[in-house]
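Student: Heads up, the sequence shown is in the numbering used here, so the first residue is 83 and it goes up one at a time.
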Amino acid sequence: MTISGKAKLAGVMGWPVGHSRSPRLHGYWLEKHGIDGAYVPLAVRPDDLGAALRALPKLGFRGCNLTVPHKEAALTIVDRVDAAARRIGAVNTVVVEADGSLSGSNTDAPGFIANLRQGAPGLALAGKSAVVLGAGGAARAVVVGLIDAGVTYIRLANRSADRTRILVNAFAPAVVGIAWDKRAQALEGADLLVNTTSLGMEGEPPLELALDALPETATVTDIVYAPLETALLAAARARGNGVVDGLGMLLHQAVPGFAAWFGTTPDVTAELRAHVLGA
Ligand code: ATR
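1) So what does DSSP say about Y307, is it helix, strand or coil?
2) Could you give the residue range of the alpha helix (DSSP H) that holds N251?
3) Would you give the residue range spanned by the beta strand (DSSP E) that S185 belongs to?
4) Fully enclosed by the segment 92-124, which alpha helix (DSSP H) runs are 4 residues long or longer?
5) State the DSSP-derived secondary structure class of A295, mapped to helix, strand or coil.
6) With distance defined between alpha-carbon atoms, name the residue in G219, M331, L291 nearest to A308.
7) Using CA atoms only, rank isn't needed, just tell me which of P288, R144, V214, R169 is closest to F340.
8) Would the segment 257-270 and the segment 279-288 be scored as touching if the rule is three or more Cβ pairs under 8 angstroms?
9) Exposed or buried, N188, counting other C-beta atoms within 10 Å across all chains shown (16 or more means buried)?
10) Quick test of your reading: D118 and K90, contact by CB under 8 angstroms. State the CB separation rounded to the nearest angstrom.
11) Check whether the segment 165-178 and the segment 113-129 touch, using three or more Cβ-Cβ pairs below 8 angstroms as the test.
12) Does the beta-carbon of I159 have 16 or more other beta-carbons within 10 angstroms, so that it is buried, or is it exposed?
13) Can you look up A320 in the DSSP assignment and give me helix, strand or coil?
14) For R169, name the three-state secondary structure that DSSP assigns.
15) Going by the CB atoms, is the gap between V233 and F253 shorter than 7 angstroms?
16) Residues in the same chain with beta-carbon distance under 7 angstroms from L198, minus the five sequence neighbours each way, listed in chain order, please.
17) Mind checking which residues open and close the beta strand (DSSP E) that includes I260?
18) For I195, does the count of other Cβ atoms within 10 angstroms reach 16, so buried, or fall short, so exposed?
19) Mind pulling the alpha helix (DSSP H) runs of 4 or more residues that sit fully within the segment 187-212?
20) Does the Cβ of T279 lie closer than 6 angstroms to at least one heavy atom of the ligand ATR?
21) Identify whether T301 lies in helix, strand or coil by the three-state DSSP scheme.
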């Protein structure tokens, strides 16, 4: 698409940033809506994050997304942080305000929930229980999303018990810690199972988890989307559980940023999924 001298600008800062699918995703929406704008990869070293964010208004950028390893560091750089970003402890979306100040937010929690609602339309979350595997940045966003959606009881298992404790301390009483080697038993009675670890991702070890204790009525979702159908989702589908893959979380978390920078709220469609997967 050709852009003019008035093009609206945004991008994604990461280090490295070459793996990011966000330029392809936002590029699709810009093209689809005929918007005079560009969304570019911005390879920013960790030591340069402050200078790079401060340069956004000077360069006429409307804002940016942040990916690994910048999400946590940005909390102390931007001028204001919304409640979700503060609870999650990470910023993934920055908007340059009219006065040049920087507003940081986190759209991962609503992105996770929007994906779940789109992929499992009948799923009720209020008053339900979930098992969450992992205690990294993604787990924090998932836990915040689940609590905000009304999930009342979350059993959380992570390899490193110290990271489990941090989440339990932050989100008790809704979150209860489970030993990593007790994760299979923890599935008993759960309405939802979420994998937020990197296990099962291409190039990573498999997630070892017997699903026997999981009710057949439970929904299973994985934030890993490469491969799209992880071994966890394949095993869950084979025994009759509803499954939701992780690609939609990436797509849905991008919606608020696009709307803020480019002035149009885009849709997450099957065609978009295919386009992003084609990268
Ligand atoms: P993200 O921001 O995507 O959550 P992260 O903070 O690096 O990334 O978290 C990765 C998650 O995968 C963690 O829960 C990690 O467990 P630890 O906290 O014990 O490191 C989990 N993980 C990664 N490799 C693992 C492995 N081989 N076995 C079990 N868990 C693993």
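Heads up, the beta-carbon is just placed ideally off N, CA and C, and yes, glycines get one too.
Tutor: Result, derived from the coordinates:
1) To locate residue 307, count along the sequence shown from 1; it is residue 225. Y307 falls in the coil class under three-state DSSP.
2) Position 169 of the sequence shown, counted from the first residue, corresponds to residue 251. Bounds of the alpha helix (DSSP H) holding N251 are 243-253.
3) Here residue 185 corresponds to residue number 103 of the sequence shown, with the count starting at 1. Where S185 is concerned, the enclosing beta strand (DSSP E) stretches over 184-187.
4) You should have 104-114.
5) Counted from its first residue, the sequence shown places residue 295 at position 213. Three-state DSSP puts A295 in coil, outside helix and strand.
6) Residue mapping note: residue 308 aligns to position 226 of the sequence shown, counting from 1. Of the listed residues, the one whose Cα sits closest to A308 is M331.
7) The residue labelled residue 340 in the question sits at position 258 within the sequence shown. Per the Cα distances, R144.
8) Cβ pair count under 8 angstroms is below three, so no.
9) As a working mapping, residue 188 is identified with position 106 in the sequence shown. Label assigned to N188: buried.
10) As a first step, residue 118 is located in the sequence shown; it is residue number 36 there, counting from the start. As a first step, residue 90 is located in the sequence shown; it is residue number 8 there, counting from the start. Sure, about 7 angstroms apart at Cβ, within 8 angstroms.
11) These segments do not touch.
12) On the sequence shown, position 77 is the one that residue 159 refers to. I159 comes out buried.
13) Residue mapping note: residue 320 aligns to position 238 of the sequence shown, counting from 1. If DSSP states are grouped into helix, strand and coil, A320 belongs with the helices.
14) Along the sequence shown, one-based indexing puts residue 169 at 87. It is helical.
15) If you number the sequence shown from 1, residue 253 lands on position 171. If you number the sequence shown from 1, residue 233 lands on position 151. No, Cβ-Cβ distance for F253 and V233 is not below 7 angstroms.
16) The sequence position of residue 198 within the sequence shown is 116, counting from 1. Excluding sequence neighbours, L198 sits near L205, T303, V326.
17) In the sequence shown, residue 260 corresponds to position 178, counting from 1. I260 -> beta strand (DSSP E) spans 257-261.
18) Along the sequence shown, read from residue 1 onward, the residue named residue 195 stands at position 113. Burial call: buried.
19) Within the segment 187-212, the complete alpha helix (DSSP H) segments at least 4 residues long are 190-201, listed from N- to C-terminus.
20) Translated into the one-based positions of the sequence shown, residue 279 becomes position 197. Under cutoff, so the answer is yes.
21) Translated into positions along the sequence shown, residue 301 becomes position 219. In this structure, T301 counts as strand in the three-state DSSP scheme.
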